[in-house]
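Before any comments, here is the structure.
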Amino acid sequence: MLEDGERIIGTELLVAGIGTVGAEKIMETVLKKADLSCDDIDFVMATGYGRRNFDPAHGELSELSCHAKGVLFTNPQVRTIIDIGGQDAKVLRINDEGILENFMMNDKCAAGTGRFLDVMAHILQMPVNELEKRAELSGNPAKISSTCTVFAESEVISQLATGETVENVIAGICNSVASRVAGLAKRIGIKEEVFMSGGVAQNGGVRQALEKELKVPIKWSETSQMMGALGAAISAYEQVKKRGVLNE
Amino acid sequence: MSNEVKKKSPPDPNSAKFKLGKIATDAYVDAQAAKDRGEMIGWCSSNFPVEIPETLGLAVCYPENQAAGIAARGGGERLCNISEDDGYSNDICAYARINLAYAKIKDTPEQNMPQPDFLLCCNNICNCMIKWYENLAKNLNIPMIIIDIPFNPDYEVSDAQVAYVKAQFLEAIKQLEELTGKKWTEEKFQEVMEYSGRTSRAWLAATSEAKHTPSPFNGFDLLNHMAVMVTARGKKEAAEAMEVLHKEYLENVETGNSTFRAEEKHRIMFEGIACWPYLRATSTGLKSRGINMVTTIYADAFGFIYDDFDGMVKAYCNVPNAMNLEHARDKRVKLIKDNHVEGLLVHTNRSCKLWSGFMAEMSRQISEECEIPHVAFDGDQADPRNFSEAQYETRVQGLTEIMESKKGGC
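Taken in sequence, the protein lines are chains A and B.
So for the first sequence, this note's numbering puts the first residue at 723; every next one is plus one.
So for the second sequence, this note's numbering puts the first residue at 46; every next one is plus one.
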């Protein structure tokens, strides 16, 4: 939630998969925390895969534009954004005027997305945010080569069964995601500075593997996961400014 | 109070749409009539020189067109499953899987065509075609005539390539004469060549009217009309219908009308075969955002202009999937510049490895040279299991937002 287009006055995150219930709950919580009501909100902008079904929204914008707006708001020097989210992975190219000029998204399947890491964390019986710490302990990352999530799952199981350490397997999983996404980035062309947004940005294992693949430093922030939402809020503010009427 | 019934006005028999639709429908009817008369009829791949069966007076049907029709009417998955149950991999072209299934079951509610007595195959469109037709020939125990037009790694077609392919054209004519008893005459070939030229010139002229803003037509029209360009170029009716189409587009330019029934906010080029099972979803995703797909490589690909037999051979060596990347790119760059295209939407078509394979690099080069964004979405020309509407929508919306922001909006 953004005030006057510059002050973040509320954030909330909920990983929920059914319809727009999660978004409704978030809105309720964020308003409650800020001691505000719906009437205080000038414009709600929806983004992400449920953006067209969220009734309280006044407008909708793709997560591509939203991530670009969010990242550029906090890091105006960024020219390449790598966003690895739950359902897709994308690389955004920003021009020198700070405008999104092209993008590349994952093809075919879930490989290279956050969902891939979720599935792997599930079979390793650990929370997804545990992967980073364990990957750091790897001395020799295993090779996870399958692009199919289910095949990669069986690859992980057989690597563990033949004596590979959990740490090496986790590092291999991170490398596998990084390798898929690096392919997208190379296709669209890397221009520094590079920033990583989306939930997977929190995973240092993937970030470092990406830096190694792309041979450039990759910036990120604790709020990387919120960049899409921030971009949506900025866009909402832009819409209100265009309309010319703001709540006092 | 009675419910108001929205009456659909009857199609104008003088319109290009009606005439072109009739030619496409008649192709099946005529082939069935020939079969009923006891004549031999063929199945023919889409870039096989149509002039050969046309000059010989042989009726042929086009499995690719039939498969597209079946897929558009919802039968794609059913027929793909039949082929897959028979052991064909779902990695094989869905047109091939649908047609191999049709050759087995011989009847579908979506679109029937008579069973063949011979097969005409040309690999200038893809090499999957060879194995597809070989399997048909074996399963149906009928002869297959193949013309080998290899992928050309050079920019221009060489005399050596023309000589290699011409010998095969002549051999194919001889084989068909022996097989069917029909005779090739120079007089008839001249007539077919003349109609083919007229049809092609009218097609090129009609599609080039997209240079106007707004475009006088919705580019999705081309995906339907091209069926006639593929199958009936050498017919008098096709030449006349295409000339009517061009006239209609010219009238639209003058009156400011268009077959694109929305405000044209953005103009894109569509790359790849249509996603037939989701034609409505893919088309609505564009139209709802004011995006008109003003051109496709089909606009250029089916304009076969030549003056003699050797010229015809050369034209068939120069079709999009047989030419090198630089030549293919330059043709698209010209279409983009001529038609003021602002974005490129690429169908990464699981069925067509050849086309989708070279598009990754070609899109990058086109995007760079024309300074336009390009976006790819996964789909399939006929197998509905390879498409996600939500993923398509996100990509198209992203493309729209970039085009808008380049114009100072968003």
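We put the beta carbon where it would ideally sit given N, CA and C, even for glycine.
Judged by DSSP in its simplified three-state form, SER868(A) adopts coil rather than helix or strand. Only those residues of the stretch 819-839 of chain A whose C-beta falls short of 7 Å from the nearest C-beta of chain B are listed: ILE821, LEU822, GLU823, ASN824, PHE825, MET827, ASP829, LYS830.
Under a 10 Å Cβ-count criterion, GLN847(A) is classified as exposed, with fewer than 16 other Cβ atoms of the shown protein chains found around its own Cβ.
Residue burial is scored here from C-beta neighbours: GLY114(B) has at least 16 other C-beta atoms within 10 angstroms and is therefore classed as buried. Per DSSP, ASP840(A) lies in no beta strand (DSSP E) segment; the continuous alpha helix (DSSP H) that holds it begins and ends at 836-845. Between ALA146(B) and ILE127(B), the gap from beta carbon to beta carbon is short of 8 Å. Look at ASN184(B) here: in three-state DSSP terms it is helix. Interface residue (Cβ-Cβ distance to chain A less than 8 Å): THR439(B) is classified as such. If the five residues before and after CYS760(A) are omitted, its C-beta is found closer than 6 Å to no C-beta atom of its own chain. Between ALA904(A) and THR871(A), the gap from beta carbon to beta carbon reaches 8 Å or more. Between PRO863(A) and ALA893(A) the beta-carbon gap is near 4 Å, inside 8 Å, which marks them as a contact. A Cβ-Cβ separation of about 27 Å leaves GLU889(A) out of contact with SER919(A) under the 8 Å criterion. Leaving aside the five residues that flank PRO94(B) on each side, the residues in its chain whose CB is nearer than 6 Å to its CB run, in chain order, TYR361. Within the stretch 777-788 of chain A, the residues whose Cβ lies closer than 9 Å to some Cβ of chain B are GLU782, LEU783, SER784, GLU785, LEU786, SER787, listed in chain order. Listed in chain order, the non-local C-beta contacts of TRP400(B) below 7 Å within the same chain comprise GLY317, ASN366, ASN394, local neighbours out to five positions each way being set aside. Residues of chain B whose Cβ lies closer than 8 Å to the Cβ of TYR771(A) are, in chain order, ALA435, THR439.
Look at the beta carbons and you see the stretch 131-149 of chain B not touching the stretch 438-447 of chain B: under three pairs across the two are nearer than 8 Å. Apart from the 5 residues on each side of it in sequence, LEU165(B) sits with its Cβ closer than 6 Å to the Cβ of GLY87, CYS89, PHE93, ILE190 in its chain, given in chain order. Remark: C-beta atoms of LEU839(A) and VAL899(A) approach each other more closely than 8 Å. Closest by C-alpha distance to PRO195(B), out of ILE170(B), ALA212(B), TYR178(B), is ILE170(B).
Taking 9 Å as the cut-off between beta carbons, none of the residues of the stretch 837-862 of chain A comes near chain B.
For the 8 Å CB-CB criterion, PHE265(B) and SER328(B) form a contact. Listed along chain A are ASN824, each with a C-beta nearer than 8 Å to that of HIS419(B).
Residue pairing for GLU725(A): DSSP places it in a beta bridge opposite ARG729(A). In terms of CA proximity to THR244(B), ALA283(B) leads the group ALA283(B), PRO322(B), ASP204(B). CYS831(A) carries a coil assignment under DSSP once its states are collapsed to helix, strand and coil. DSSP lists no beta-bridge partner residue for PHE234(B). Residues TRP942, SER946 of the same chain have their beta carbon placed closer than 6 Å to that of ALA923(A), with the five preceding and five following residues left out of the count. Taking 8 Å as the threshold, the shortest C-beta distance from ARG909(A) to chain B falls below it.
Only buried fits PRO159(B), as 16 or more other CB atoms lie within 10 angstroms of its CB.
Beta-bridge partners of ILE804(A) (DSSP): VAL813(A), MET918(A). Not one beta carbon of chain A lies nearer than 8 Å to the beta carbon of SER134(B). Around the beta carbon of GLY301(B), a 10 Å sphere encloses fewer than 16 other beta carbons of the protein chains shown; the residue is thus reported as exposed. Ranked by Cα distance from GLU109(B), the options PHE432(B), GLY453(B), ALA427(B) are led by ALA427(B). Under the DSSP assignment, ASN297(B) falls in the alpha helix (DSSP H) whose first and last residues are 281-300.
A residue is called buried when at least 16 other Cβ atoms come within 10 angstroms of its Cβ; ILE940(A) meets this threshold and is buried.
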